[in-house]
Amino acid sequence: MKIEKIKITQEKFNINLKFYFFLKYLVKTKLTDNQSNEILKACLLSPNINFRITIKKMTQYIEDKIKQNSPKQKFILDVLTEIHSDIDLKLFIFSLKLYIIKDLLLQEAKLKDLLDISKLENLDPLSLEYDKITMYSPYSTRVNGALLSLIFFDKLKRQETNFMTSDTDDFIKGLSKLAIELKDKGVEPNQIFLLMFNESMNQSIISDSGSNYEERILSVLTSIGIDENKIEKTHDKDDSSTEFDFFFELKTKTYGIGAKRTLRERYKQFIKTAQMSKIDVMIEITLGIDLTEEKVKAIRNHNVFLFVADEVYTSNKYLQDIDGIYSSQDLTIETLKSLSV
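Counting from 952, one number per residue, gives the positions in the sequence shown under this note's numbering.
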């Protein structure tokens, strides 16, 4: 089966490349709201005059009001040197308007993630549901942002302006008119804006992706009364190949805890260490989503205790029937004190 060659005309490529350049450099400038508005005013006061005169007005404002030789001034002046026609000027105005409302869309994109994170307050930090929210958190904002961008530009194309406050109606109407005009020139507003928008989202998002599992366990250990200053991360004295994520003493006993969201084959190292180490209590804390009855029995046969997410524990009877296997909700100071080989 033959796939027809995809062709992009040089004109279409050039105008979208310039659009992306304008957006990228406007983000680099870090213009304040007032600076953006003043530059936009200089563009719009005399819409029918030659683009060169408009550039002069913008340049005058930039040289008078933005700190001399600052990165901000340099970036915005670099942008102006790339305006060579009336179409370029319209493309710049369109880019500037999108830059002005970018943060509004970004905050809207983050809102769903914020609502999800607010649920964490009432969840067990070692539960599957808690883990899922933190795992999906950075991706949630990106997906929501992409969908919002798609809807936003679709509404501009349809000239629908009633999706924002009435105060912004004229602004959105002007943006819609520009979007339609530039679309006819080959500009792909959503696709190119999304390139820049994704970069902005990536910079504003701290990705958890499950990497904070150890931090969550530490928060549980400290919340049940174990002094954080007395918890350390260390290698086993008798088997240096094993690292305990948490090592501490409680009363007269020493505790070594391995913490992994999933065990895979790593549990075998703990079994090896259990045969060599003089540590009093060895514990594996894991979500348990990859556990099998065979793995669990192998772990317990070597006197390693196991704590798993409550959802996994309650849905697997074999876990409840094997001594030394606990739900994450049973991770208490009393439980720890009761553990003995």
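No residue lacks a Cβ here, since even glycine has one placed at the ideal position from N, Cα and C.
Open item on the list: Any heavy atom of the ligand NAP inside 7 Å of the beta-carbon of residue 1037?
Closed with: The model on display carries no ligand, and the ligand NAP is accordingly not part of it.
Open item on the list: Once DSSP output is grouped into helix, strand and coil, what is the label at residue 978?
Closed with: Residue 978 falls in the helix class under three-state DSSP.
TODO: Could you pull out every residue in the same chain whose Cβ sits closer than 8 Å to the Cβ of residue 1020, ignoring the five residues on either side in sequence?
DONE: Excluding its 5 nearest sequence neighbours in each direction, residue 1020 has no C-beta neighbour in its own chain below 8 Å.
- [ ] With DSSP as the reference, label residue 1096 as helix, strand or coil.
- [x] Three-state DSSP puts residue 1096 in a helix.
Open item on the list: Please state whether the Cβ-Cβ distance between residue 1198 and residue 1209 is less than 8 Å.
Closed with: With contacts defined as CB atoms closer than 8 Å, residue 1198 and residue 1209 fail to qualify as a contacting pair.
Task: Cut-off 6 Å between Cβ atoms - residues of its own chain near residue 965, not counting five sequence neighbours on either side - done: Taken in chain order, the list of residues that qualify is empty.
Task: Span separating the alpha-carbon of residue 1095 from that of residue 1061 - done: Each residue's Cα considered, the two are about 8 Å apart.
Task: Residue of 1291, 1259 and 1282 minimising C-alpha distance to residue 1233 - done: If you compare the alpha carbons of 1291, 1259 and 1282 with that of residue 1233, the shortest gap goes to 1291.
- [ ] With residue 1278 as the anchor, note down where its alpha helix (DSSP H) starts and where it stops.
- [x] No alpha helix (DSSP H) holds residue 1278; the beta strand (DSSP E) holding it covers 1276-1278.
TODO: Pull up the DSSP beta-bridge partners for residue 1210, would you.
DONE: Note: residue 1210 sits in a beta bridge opposite 1236.
TODO: Have a look at residue 1264 and residue 1241 and give me their C-alpha separation to the nearest angstrom.
DONE: The alpha-carbon atoms of residue 1264 and residue 1241 are separated by roughly 12 Å.
Open item on the list: Tell me whether the stretch 1024-1034 and the stretch 974-988 touch, counting them as touching only if at least three CB pairs, one residue from each stretch, are closer than 8 Å.
Closed with: Yes: the two stretches touch, three or more of their Cβ pairs being nearer than 8 Å.
- [ ] For residue 1200, name the three-state secondary structure that DSSP assigns.
- [x] Correct three-state label for residue 1200: strand.
Task: Beta-carbon gap between residue 1255 and residue 1276 smaller than 8 Å - done: No, the pair does not count as a contact, with Cβ atoms beyond the cut-off.
- [ ] Check whether the stretch 969-977 touches the stretch 1043-1053, counting contact only when three or more Cβ pairs, one atom from each stretch, lie closer than 8 Å.
- [x] Touching, per the Cβ criterion.
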